[in-house]
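Numbered by my numbering, the letters in the sequence shown go through residues 8 to 522 in order.
Ideal Cβ positions, reconstructed from N, Cα and C, are used throughout, including at glycine.
Just below is one structure, and these are the notes that go with it.
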Amino acid sequence: MSGGLLVAGTTSDAGKSVVTAGICRWLVRRGVKVAPFKAQNMSLNSFVTREGAEIGRAQAMQAQACRIEPTALMNPVLLKPGGEQSSQVVLMGKPVGELSARGYHGGRQRQLLGTVLDCLAELRGTYDAVICEGAGSPAEINLRRTDIVNMGIARGARLPVLVVGDIDRGGVFASFFGTVALLSPEDQELVAGFLVNKFRGDVSLLEPGLGMLRGLTGRRTYGVLPFRHGLGIDEEDGMGVPPARTQLRARGSVSLRGAVRESEVAPPVGEDVLRVAVCAVPLMSNFTDVDALAAEPGVVVRFVDRPEELADADLVVVPGTRGTVRALEWLRARGLADALRRRAAEGRPVLGVCGGFQILGERIEDEVESRAGTVDGLGVLPVRVRFAREKTLTRPAGQALGEPVEGYEIHHGVAEVTGGEAFLDGCRVGQTWGTHWHGSLESDGFRRAFLREVAAAAGRRFVPAPDTSFAALREEQLDRLGDLIEQHADTDALWRLIESGAPQGLPFIPPGAPA
8 MSGGLLVAGT
18 TSDAGKSVVT
28 AGICRWLVRR
38 GVKVAPFKAQ
48 NMSLNSFVTR
58 EGAEIGRAQA
68 MQAQACRIEP
78 TALMNPVLLK
88 PGGEQSSQVV
98 LMGKPVGELS
108 ARGYHGGRQR
118 QLLGTVLDCL
128 AELRGTYDAV
138 ICEGAGSPAE
148 INLRRTDIVN
158 MGIARGARLP
168 VLVVGDIDRG
178 GVFASFFGTV
188 ALLSPEDQEL
198 VAGFLVNKFR
208 GDVSLLEPGL
218 GMLRGLTGRR
228 TYGVLPFRHG
238 LGIDEEDGMG
248 VPPARTQLRA
258 RGSVSLRGAV
268 RESEVAPPVG
278 EDVLRVAVCA
288 VPLMSNFTDV
298 DALAAEPGVV
308 VRFVDRPEEL
318 ADADLVVVPG
328 TRGTVRALEW
338 LRARGLADAL
348 RRRAAEGRPV
358 LGVCGGFQIL
368 GERIEDEVES
378 RAGTVDGLGV
388 LPVRVRFARE
398 KTLTRPAGQA
408 LGEPVEGYEI
418 HHGVAEVTGG
428 EAFLDGCRVG
438 QTWGTHWHGS
448 LESDGFRRAF
458 LREVAAAAGR
468 RFVPAPDTSF
478 AALREEQLDR
488 LGDLIEQHAD
498 TDALWRLIES
508 GAPQGLPFIP
518 PGAPA
């Protein structure tokens with residue numbers, strides 16, 4: 008059996024995804040054949056593998072960190088929220104139904120433990136090391152009985168556990184101690200130690216606390232990662248709505264749950280910047296589509312939720328959503344629907360992607376997602392949409408605006424295009440564009456051609472940079488994460504942990520898990 012490690016966290020958003028990606032990139036640069044794994048992911052940011060399976064985007068990016076193709080084995084269970092109380096369950100890349108939180112945690116989740124352990128075993132039989140990512144915290148004592156993603160998978164596969172804590176939030180020592188102390192003796196024996204994330208300042212001031220933590224828990228700290236601006240990968244996104252006030256600016260950063268991008272802002276190549284407004288619709292999915300726009304020097308991307316915020320936008324994006332009809336109602340209630348219609352009539356650029364494309368059409372027949380029946384769309388594109396029970400999961404490629412384009416499709420809606428000009432299997436009318444293709448803007452030549460059209464229609468003297476490579480920027484991000492692990496973690500000790508498992512004789516910290 009190959010080596011393995013579970014990267015757990017004291018909380019959600021402690022940095023598990025980026026630490027996992029960083030460890031993967033560090034290992035592959037050492038010549039280790041490595042793969043990522045997350046047994047269960049909850050996210051509306053998903054990706055389609057080459058074999059047509061839907062997985063979380065974080066695992067797809069971690070696979071890129073490993074320099075391998077992502078597969079369904081790397082994320083066997085994906086939960087896609089459809090509201091506060093229910094999610095679509097995607098098993099081995101295919102949707103198998105909708106379940107309430109009570110229904111899932113009440114029994115269905117535990118039934119999947121064998122499936123996820125089989126997937127992990129298959130990966131471990133193929134790779135030298137598998138770096139697993141947990142979810143939330145392993146000390147969610149109300150969920151431990153049915154857990155398949157934290158200590159459940161660690162116990163089942165005998166994985167050592169590294170607990171990551173975000174010191175920038177405060178309370179990291181209490182979080183580390185409390186996480187261990189709320190686990191059963193059998194779980195505690197697999198928790199090898201800790202990794203401090205996002206530290207600002209002089210590490211020597213932290214060292215006494217690390218020494219006391221070791222004295223209290225008998226467990227070492229494997230590294231202190233400094234805070235770095237603009238680092239991240241495509242992560243889980245909770246309910247899929249980044250803060251509406253967020254502004255995103257280039258260069259070379261990627262989404263961190265809608266957080267402000269703090270990397271260095273590159274000046275525009277031309278005389279003007281280009282302003283992009285993204286409607287922050289409910290259950291927004293794959294808002295990472297706009298990352299490639301934000302990577303362009305001189306492009307400013309912000310999420311908006313009021314019609315007046317569209318006034319100075321050169322391009323408005325209506326993004327994908329897990330709830331097309333719900334998003335349409337939200338746009339109408341906020342006055343954004345009327346603002347979008349006016350923009351389209353005035354010939355001002357609008358781009359609809361996936362659910363956003365469906366919203367811009369004439370009619371939606373939905374007996375699957377919302378079960379709302381027939382609903383009028385905004386009527387700015389000659390498109391009629393019927394929701395099918397079978398989900399479309401493909402990786403299309405083609406040409407548009409004279410440039411090659413690749414993308415991926417994840418949708419139940421089947422579009423019947425009755426007019427307009429063909430555009431990426433969707434259509435275009437004037438300066439209103441619609442497509443089911445996610446990720447198309449990552450194709451550099453197409454993105455530049457599209458931005459030139461937008462700038463001309465908006466009357467902006469904006470010029471796309473001739474040398475921006477989105478793929479290269481992603482690679483640069485992953486290398487920076489690998490550097491962070493290599494330079495600030497005890498990599499020799501980390502490799503021993505991956506290769507040999509948790510140290511023997513780790514002490515029990517009371518009180519342990521409740522009966």
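Measuring only the C-alpha atoms, how far is residue i from residue j?
i: VAL283; j: GLN365; result: 20 Å
i: ASP135; j: VAL311; result: 45 Å
i: PHE51; j: THR295; result: One detail in the question is off: residue 51 reads as Leu in this sequence, not Phe. Straight-line Cα distance between these residues: approximately 10 Å.
i: ALA344; j: ALA320; result: 15 Å
i: ARG350; j: VAL360; result: 17 Å
i: LEU197; j: LEU120; result: 18 Å
i: PHE180; j: VAL170; result: 12 Å
i: CYS31; j: LEU485; result: 9 Å
i: SER270; j: ARG309; result: Because SER270 carries a pLDDT of 40, less than 50, the predicted location of this residue cannot be relied on, and the following value inherits that uncertainty. Answer to the nearest angstrom: the Cα atoms are 15 Å apart.
i: ARG455; j: SER447; result: 12 Å
i: MET158; j: LEU150; result: 11 Å
i: TRP440; j: GLU460; result: 11 Å
i: VAL390; j: ASP175; result: 48 Å
i: LEU458; j: ARG64; result: 25 Å
i: ALA302; j: ARG467; result: 18 Å
i: VAL387; j: ASP474; result: 34 Å
i: PRO510; j: ARG221; result: 14 Å
i: PRO518; j: PRO167; result: 21 Å
i: PRO524; j: ILE148; result: What the structure shows of the chain is the stretch from 8 to 522, and residue 524 is not part of that stretch, so it cannot be assessed.
i: PHE44; j: LEU322; result: 37 Å
i: ARG268; j: LEU124; result: Reliability of the predicted coordinates at ARG268 is poor, the pLDDT of 38 falling under 50, and the value obtained from them is presented with this limitation in mind. Cα to Cα, the separation comes out at about 37 Å.
i: ALA496; j: ILE155; result: 28 Å
i: MET68; j: ARG74; result: 9 Å
i: LEU217; j: VAL187; result: 15 Å
i: ARG2; j: GLU336; result: As displayed, the chain neither begins before 8 nor continues past 522, which places residue 2 out of reach and without an answer.
i: PRO314; j: ALA340; result: 11 Å
i: THR381; j: ALA462; result: 36 Å
i: MET246; j: GLY208; result: Summary for MET246: the model assigns pLDDT 42, below 50, so the residue's position carries little reliability; its value from the coordinates is reported in the next sentence. MET246 and GLY208: Cα-Cα distance of roughly 33 Å.
i: GLN47; j: ALA142; result: 8 Å
i: VAL297; j: MET291; result: 12 Å
By Cβ distance below 8 Å, which residues in the same chain neighbour residue i in space, the five residues on each side in sequence not counted?
i: SER94; result: MET49, LEU86, LYS87, PRO88, GLU105, LEU106, ALA108, TYR111
i: GLN406; result: VAL412
i: GLY22; result: GLY16, VAL171, ASP173, ASN204, LYS205, LEU232
Does DSSP put residue i in a helix, in a strand, or in coil?
i: VAL123; result: helix
i: SER19; result: coil
i: GLU376; result: coil
i: SER191; result: coil
i: GLU315; result: helix
i: ASP173; result: strand
i: ASP135; result: coil
i: GLY104; result: strand
i: ALA164; result: helix
i: PRO233; result: strand
i: ALA351; result: helix
i: ILE371; result: strand
i: ALA520; result: coil
i: ARG268; result: With a pLDDT of 38 at ARG268, under the threshold of 50, the predicted position of this residue should be treated as unreliable, though the coordinate-derived value follows. ARG268: coil per DSSP, three-state reduction.
i: VAL390; result: strand
i: GLY245; result: Here the model assigns GLY245 a pLDDT of 46, short of 50, so the residue's position is not dependable, and the following value carries that caveat. In the structure shown, GLY245 sits in coil (DSSP, three-state: anything other than H, G, I, E or B).
Just mark residue i as buried or exposed, buried being the case when its beta carbon has 16 or more other beta carbons within 10 Å.
i: PRO83; result: buried
i: GLU76; result: exposed
i: GLY230; result: buried
i: GLN92; result: exposed
i: GLU140; result: buried
i: LEU212; result: exposed
i: GLN71; result: buried
i: ARG57; result: exposed
i: VAL210; result: exposed
i: ARG404; result: Correcting the residue type first, residue 404 is Ala in the shown sequence and not Arg. Under this definition ALA404 is an exposed residue.
i: PHE234; result: exposed
i: MET81; result: buried
i: ALA164; result: buried
i: VAL25; result: buried
Between which residues of its own chain and residue i is the CB-CB distance below 6 Å, once the five residues before and five after are set aside?
i: GLU449; result: ALA299, PHE477
i: HIS418; result: CYS361, THR399, HIS443
i: VAL424; result: VAL390, CYS434
In its own chain, which residues sit with a C-beta less than 7 Å from the C-beta of residue i, not counting the 5 before and 5 after it?
i: VAL39; result: ASP135, ALA136
i: GLU316; result: ALA284
key: Whole runs of the beta strand (DSSP E) within the segment 396-484, excluding any shorter than 3 residues   = 404-407, 410-413, 416-424, 428-430, 433-436, 439-442
query = Can you list the alpha helix (DSSP H) stretches of 4 or more residues lying completely in the segment 25-88, in chain order?
reply = You should have 64-72.
key: Contained beta strand (DSSP E) runs [length at least 3] in the segment 287-344, N- to C-terminal order   = 306-311, 322-325
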